[in-house]
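A.B. asks:
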Ligand code: NAP
Ligand code: ZN
């Protein structure tokens with residue numbers, strides 16, 4: 203299937219129109235016309251080769267909401283016209299213990315990411331959602347719950363599940379005390395989801411500029427990370443901290459915020475962190491953990507939860523040709539709080 207999108211041709215070039223082919227439908231494939239795609243900080247990391255493994259051309263985008271336009275002969279759960287969603291992965295082995303457990307993101311063979319994974323059928327790498335169409339096997343297509351605003355829902359597919367999953371893993375619920383470090387795309391969803399689960403939520407940000415918004419979104423408390431006195435007075439006041447900071451940073455200052463047995467879950471920085479103080483861990487039996495997106499069944503659970511609780515990302519809608527300016531603003535943490543591309547603005551001619 204011929205399609206069009208916006209691709210980086212190298213780590214130095216801005217995204218630009220790019221014509222390419224999607225695979226023809228396998229019997230269990232769903233072809234989707236993309237309506238909206240969220241802009242994740244991972245898209246920027248990958249376009250700029252921050253993790254050293256990017257292959258070009260690269261069409262980013264893994265917060266996809268669209269409409270089914272065609273289904274393979276064996277597809278049972280979807281038909282043309284259905285509103286559906288696709289997140290960060292599009293395939294996995296489906297036979298290992300992790301896939302059987304619904305944790306396809308930890309597939310022993312390695313999940314196939316929505317963009318940037320080797321694509322043996324089409325050559326090069328898989329291509330993401332900054333495009334007109336995508337073809338995805340049925341098992342990796344999510345149903346959009348009735349009533350969820352299609353445009354605003356897109357960021358749930360990565361920012362939503364990446365923060366929902368560790369909260370479920372660490373049993374966040376009424377009475378839990380959750381900290382959120384970094385109030386961007388992931389961080390603002392962490393606030394809403396933690397509040398929706400009934401937790402007491404503290405945001406830890408670099409400046410006071412986001413405090414009013416944080417409280418509006420459901421935070422109960424707000425800490426400025428550089429304010430040593432405030433950080434000290436918040437000692438032992440949290441059970442779980444979701445750390446969304448997208449660059450190398452020191453986790454040690456957050457450890458005393460945790461109560462005994464508390465955990466800092468790193469979901470942001472994929473590369474090196476600053477040295478972690480053993481003392482900060484030992485003195486409270488504390489842990490530093492990590493978490494990668496979430497499985498398909500849990501992603502559907504999260505979408506249904508957000509629909510039920512009326513939890514939606516705060517979005518700035520942009521046109522496709524505004525993506526490079528949006529990347530620059532995201533890099534400066536100047537987005538409230540997720541850009542979403544209206545894919546109807548993507549022109550056909552590449
Ligand atoms: P984002 O929208 O840019 O938000 C990141 C936030 O971190 C900023 O708003 C800012 O909050 C804070 N921040 C930014 N630069 C910082 C710095 N130099 N030092 C300290 N704090 C800083 O990014 P995002 O889309 O939420 O993504 C965050 C990270 O998660 C990215 O690295 C992305 O690749 C990663 N990610 C991981 C997964 C996973 O599965 N684990 C999934 C998706 C994304 P304040 O202004 O409040 O300080
Ligand atoms: Zn993402």
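In the working numbering, the protein residues as written are 203 to 552. Virtual Cβ for every residue (Gly too), placed ideally from N, Cα, C.
Please confirm if the stretch 372-387 is in contact with the stretch 530-543, defined as three or more CB-CB distances below 8 Å between the two stretches.
C.D. replies: yes
A.B. asks: Check the DSSP bridge columns for residue 268 and list the partner residues they point to.
C.D. replies: Stepping through the chain shown from its first residue, residue 268 is reached at position 66. Bridge partners of residue 268: 236, 286.
A.B. asks: List the residues that DSSP assigns as beta-bridge partners of residue 547.
C.D. replies: One-based indexing of the chain shown puts residue 547 at position 345. Answer is none; residue 547 lacks a bridge partner.
A.B. asks: Tell me whether residue 244, by its Cβ, gets closer than 8 Å to a heavy atom of ligand 2.
C.D. replies: Stepping through the chain shown from its first residue, residue 244 is reached at position 42. Indeed, a heavy atom of ligand 2 lies less than 8 Å from the Cβ.
A.B. asks: For residue 253, is the classification buried or exposed, using 16 other Cβ atoms within 10 angstroms of its Cβ as the cut-off for buried?
C.D. replies: As a working note, residue 253 is residue 51 in the chain shown. Residue 253 comes out exposed.
A.B. asks: Can you tell me whether residue 513 is helix, strand or coil according to DSSP?
C.D. replies: By 1-based counting over the chain shown, the position of residue 513 is 311. In the structure shown, residue 513 sits in coil (DSSP, three-state: anything other than H, G, I, E or B).
A.B. asks: Is it buried or exposed for residue 430, if we count other Cβ within 10 angstroms and need 16 for buried?
C.D. replies: Along the chain shown, one-based indexing puts residue 430 at 228. With fewer than 16 Cβ atoms within 10 Å of its Cβ, residue 430 is classed as exposed.
A.B. asks: When every heavy atom of ligand 2 is checked, does at least one fall within less than 8 Å of the C-beta of residue 465?
C.D. replies: Residue numbering aside, residue 465 sits at position 263 when the chain shown is read from its first letter. It does not: the Cβ of residue 465 is nowhere closer than 8 Å to a heavy atom of ligand 2.
A.B. asks: From this set, 289, 481, 262, which residue's C-alpha is nearest residue 458's C-alpha?
C.D. replies: As a first step, residue 458 is located in the chain shown; it is residue number 256 there, counting from the start. Nearest option by C-alpha distance: 481.
A.B. asks: What are the start and end residues of each continuous beta strand (DSSP E) run of 3 or more residues lying completely inside the stretch 306-353, in chain order?
C.D. replies: 335-339
A.B. asks: Is residue 334 near residue 232, with beta carbons less than 9 Å apart?
C.D. replies: Walking along the chain shown from the start, residue 334 turns up at place 132. Walking along the chain shown from the start, residue 232 turns up at place 30. The answer is no: Cβ separation not under 9 Å.
A.B. asks: Pair every Cβ in the stretch 309-329 with every Cβ in the stretch 474-488, then say whether three or more of these pairs are closer than 8 Å.
C.D. replies: no
A.B. asks: Going by DSSP in three states, residue 477 sits in which element: helix, strand or coil?
C.D. replies: The residue given as residue 477 occupies position 275 in the chain shown. Residue 477 falls in the coil class under three-state DSSP.
A.B. asks: Within 10 angstroms of its Cβ, does residue 355 collect 16 or more other Cβ (buried), or is it exposed?
C.D. replies: Counted from its first residue, the chain shown places residue 355 at position 153. Result: buried.
A.B. asks: Tell me which residues share the same chain as residue 295 and place their Cβ nearer than 8 Å to its Cβ, disregarding the 5 neighbours each side in the sequence.
C.D. replies: For the purposes of this step, residue 295 is taken as the residue at position 93 of the chain shown. The residues are 301, 309, 310, 311.
A.B. asks: Is residue 364 near residue 256, with beta carbons less than 9 Å apart?
C.D. replies: Position 162 of the chain shown, counting from 1, holds the residue named residue 364. Position 54 of the chain shown, counting from 1, holds the residue named residue 256. No, they are not a contact pair.
A.B. asks: Is residue 493 near ligand 1, judged by its Cβ being under 8 Å from some heavy atom?
C.D. replies: The residue you call residue 493 lines up with position 291 of the chain shown. Yes - ligand 1 has a heavy atom lying nearer than 8 Å to the Cβ of residue 493.
A.B. asks: Between the alpha carbons of residue 426 and residue 403, how many angstroms are there, rounded?
C.D. replies: Here residue 426 corresponds to residue number 224 of the chain shown, with the count starting at 1. Here residue 403 corresponds to residue number 201 of the chain shown, with the count starting at 1. If I take the Cα positions, the gap works out to 14 Å.
A.B. asks: Note down, in chain order, each residue of its chain lying with its Cβ closer than 8 Å to the Cβ of residue 511, except the 5 sequence neighbours on either side.
C.D. replies: Mapped onto the chain shown, residue 511 falls at position 309. Only 398 meet the Cβ criterion.
A.B. asks: In three-state terms, what does DSSP make of residue 208?
C.D. replies: Position 6 of the chain shown, counted from the start, is the residue given in the question as residue 208. Note: residue 208 maps to strand in three-state DSSP.
A.B. asks: Drop a sphere of 10 angstroms on the beta-carbon of residue 303, count the other beta-carbons inside from all chains shown, and report buried for 16 or more, exposed for fewer.
C.D. replies: Walking along the chain shown from the start, residue 303 turns up at place 101. With fewer than 16 Cβ atoms within 10 Å of its Cβ, residue 303 is classed as exposed.
A.B. asks: So what does DSSP say about residue 552, is it helix, strand or coil?
C.D. replies: The residue you call residue 552 lines up with position 350 of the chain shown. In this predicted model, residue 552 has a pLDDT of only 46, less than 50, meaning its place in the structure is not dependable; the value taken from the coordinates is given anyway. Three-state DSSP puts residue 552 in coil, outside helix and strand.
A.B. asks: Should residue 149 go down as buried or exposed, given a rule of 16 or more other Cβ atoms within 10 Å for buried?
C.D. replies: Within the shown structure, residues of the chain are numbered from 203 to 552, placing residue 149 beyond reach of any answer.
A.B. asks: Closer than 8 Å: is that where the CB of residue 227 sits relative to any heavy atom of ligand 1?
C.D. replies: The residue you call residue 227 lines up with position 25 of the chain shown. Checking every heavy atom of ligand 1 against the Cβ of residue 227, none is found closer than 8 Å.
A.B. asks: So residue 369 is in the alpha helix (DSSP H); what residue range does that whole segment cover?
C.D. replies: Locating residue 369 in the chain shown gives position 167, where the first residue counts as 1. It spans 361-371 - the alpha helix (DSSP H) in which residue 369 sits, taken as one unbroken run.
A.B. asks: Taking the continuous alpha helix (DSSP H) assigned at residue 419, which residues delimit it?
C.D. replies: Taking the first residue of the chain shown as position 1, residue 419 is located at position 217. 413-419 is the span of the alpha helix (DSSP H), which, as asked, contains residue 419.
A.B. asks: Could you check whether residue 407 and residue 414 sit closer than 9 Å to each other, using their CB atoms as the reference points?
C.D. replies: Taking the chain shown and counting its residues from 1, one reaches residue 414 at position 212. Taking the chain shown and counting its residues from 1, one reaches residue 407 at position 205. No; because the gap between Cβ atoms is not below 9 Å, this pair is not in contact.
A.B. asks: Taking the beta strand (DSSP E) that residue 530 falls in, what are its first and last residues?
C.D. replies: On the chain shown, position 328 is the one that residue 530 refers to. No beta strand (DSSP E) holds residue 530; the alpha helix (DSSP H) holding it covers 525-533.
A.B. asks: For residue 490, write down the residues that DSSP places opposite it in a beta bridge.
C.D. replies: Residue mapping note: residue 490 aligns to position 288 of the chain shown, counting from 1. For residue 490, which the question treats as bridged, DSSP gives the partners 466.
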